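Below: one structure, written as structure tokens.
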Amino acid sequence: MEISQLRYFLKVAEWKNFTRAAEDLLVSQPALSRSIGKLEEELGQPVFERQTRSVVLTEAGRLLQSRAEQILSLIEDTKSEITDDGRTGRIRVGAIPTIAPYFLPGLLQSFAESSPEATLTVQEEVTEKLLQRLGQGEIDVALLALPVSMQHIEVESLFDEELFLAMPAGHPLTSKKRITIADVRPYPFILLDEAHCLSDNIVSFCRQKSFHPVSIEKTSQLATVQELVALGHGVSMVPEMARRLDHDPRRTYSSLSSPKPVRTIAMAWNPYRFQSRLVERFKAVTRKFRSAEAA
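Numbering (UniProt numbering), first residue to last: 1 to 295.
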């Protein structure tokens with residue numbers, strides 16, 4: 001039984017699909033299938049039940065999944081502890097799409113200045129995927145928005161960020177000095193799809209005001225939301241970090257009256273995995289950097 005076989009097995013178990021697992025692993029599907037086949041041959045029984053478009057774990061597969069996660073975690077932690085000098089090494093950071101392009105560039109530059117010998121890689125995923133990767137030890141730290149429902153993950157709030165009402169230039173509400181959620185009620189909303197927690201933040205805020213936004217369009221990119229707003233398709237709520245970087249005159253942003261909609265940006269990690277001195281340094285830089293971001 002080889003370590004690569006266990007990695008391949010866990011990736012197929014995560015995706016429940018050989019094709020998508022192969023794409024994630026950057027290997028060919030035949031090579032992945034051969035690896036799993038050899039693993040099953042060694043074990044003397046199947047670890048996956050093949051279905052039309054997906055696979056599910058067998059009883060043996062569920063046992064192997066638990067053991068494989070423990071084995072790979074132990075290997076990674078051992079390597080990290082042995083090579084931990086606090087200066088060199090690799091940190092794997094994950095961030096949700098509504099944070100990564102706005103918050104990470106400045107943070108990564110700040111970290112590079114304090115730890116020039118370190119290597120930092122970034123993965124951009126929705127919250128569910130980031131939490132899975134944290135649990136499996138594929139990333140060291142995740143930057144996301146609350147709430148986080150997964151157990152056995154340590155979460156530290158960094159700062160609250162206001163959500164601004166985004167409107168096309170010349171929209172009737174742009175002339176109002178004070179905009180309430182009741183003023184927004186008649187207008188259609190453009191939201192990110194259900195995989196993005198920002199939509200949950202927006203819908204949750206509206207529901208607290210006894211208002212359910214009517215979403216006429218959904219997309220997977222915040223930049224597309226902003227473009228659709230500019231084209232007059234509807235209104236939306238956009239985080240402050242995205243608003244700050246938007247200089248397109250076709251859009252305008254306004255604060256809603258108190259209580260204003262906000263989301264809480266947080267940092268998460270797996271406390272059951274070894275936390276190197278370099279990872280701890282990244283956390284410290286993130287805490288310091290968030291102070292400037294929140295100001």
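Yeah, the Cβ is synthetic: ideal placement off N, Cα and C, and Gly gets one too.
These figures come from a predicted structure and were not determined experimentally.
Asked, Found
"For my contact list, residue 340 and A195 are in at a C-beta cut-off of 8 angstroms; report their separation, rounded to the angstrom.", "Within the shown structure, residues of the chain are numbered from 1 to 295, placing residue 340 beyond reach of any answer."
"Quick one: is I82 buried, meaning 16 or more other Cβ sit within 10 Å of its Cβ, or exposed?", "exposed"
"Take S114 and list the residues in its own chain whose beta-carbon comes closer than 8 angstroms to its own, dropping the five residues that flank it on each side.", "R281 and V285"
"Can you give the Cα-Cα distance for T224 and L191, rounded to whole angstroms?", "10 angstroms"
"Taking its Cβ as the centre, do 16 or more other Cβ atoms sit within 10 Å of E42, making it buried, or is it exposed?", "exposed"
"On the criterion of 16 or more Cβ atoms from any shown chain inside 10 Å, does R287 qualify as buried, or is it exposed?", "exposed"
"Closest to L158 by C-alpha separation, out of V184, L143, Y8 and I91, would be which residue?", "L143"
"So if DSSP puts K218 in a beta bridge, which residue, or which two residues, is it bridged to?", "L191"
"Since Y102 is in the alpha helix (DSSP H), which residue starts that stretch and which ends it?", "A100 to S114"
"With C-beta atoms as the reference, is V93 less than 9 angstroms away from V122?", "yes"
"For L158, which three-state DSSP category applies?", "strand"
"Can you find at least 3 beta carbon pairs, one from the region 239–246 and one from the region 96–108, that sit closer than 8 angstroms?", "yes"
"Among Y253, L64 and P46, which residue has its Cα nearest to the Cα of P172?", "Y253"
"Please report the Cβ distance between Q226 and V214, rounded to the nearest whole angstrom; I am assuming they are in contact, meaning their Cβ atoms lie under 8 angstroms.", "Contact flag wrong, Cβ pair sits at about 19 angstroms."
"Can you grab the Cα-Cα spacing for the pair T78 / K38, in whole Å?", "27 angstroms"
"Return helix, strand or coil for P239, following the three-state DSSP convention.", "strand"
"On the DSSP letters alone, give me the boundaries of the alpha helix (DSSP H) that G89 sits inside.", "Unbroken run through G89 is the beta strand (DSSP E), G89 to A95; no alpha helix (DSSP H)."
"Shorter than 8 angstroms, the distance from the beta carbon of E217 to the closest heavy atom of the ligand NAP, or not?", "Among the ligands in the structure shown, none appear at all, so the ligand NAP cannot be discussed."
"Does DSSP classify Y8 as helix, strand or coil?", "helix"
"In angstroms, rounded to a whole number, what distance separates the CA positions of A266 and S257?", "25 angstroms"
"Kindly list the residues whose CB is nearer than 6 angstroms to the CB of Q5, restricted to its own chain and excluding five residues on each side of it in sequence; keep chain order.", "S35 and L39"
"How is the beta strand (DSSP E) around F48 delimited, first residue to last?", "F48 to R50"
"Report buried or exposed for E138, applying the criterion of at least 16 other Cβ atoms within 10 angstroms of its Cβ.", "buried"
"Pick from F18, R62 and I71: whose alpha carbon is nearest that of S54?", "F18"
"Would you give the residue range spanned by the beta strand (DSSP E) that Q123 belongs to?", "A118 to E124"
"Am I right that T119 and R87 are in contact with their C-beta atoms under 8 angstroms? What's the rounded C-beta distance?", "11 angstroms between Cβ atoms; not a contact."
"For L144, which of helix, strand or coil comes out of DSSP?", "strand"
"By the DSSP assignment, the beta strand (DSSP E) with R263 in it spans what residues?", "V262 to W269"
"Keeping to the same chain, check which residues put their C-beta closer than 8 angstroms to that of C206; ignore five residues upstream and five downstream.", "I181, H212 and P213"
"Which residues in the same chain as E161 place their Cβ atom closer than 7 angstroms to its Cβ, once the five residues preceding and following it in sequence are excluded?", "P239, E240, M241, V262, R263 and I265"
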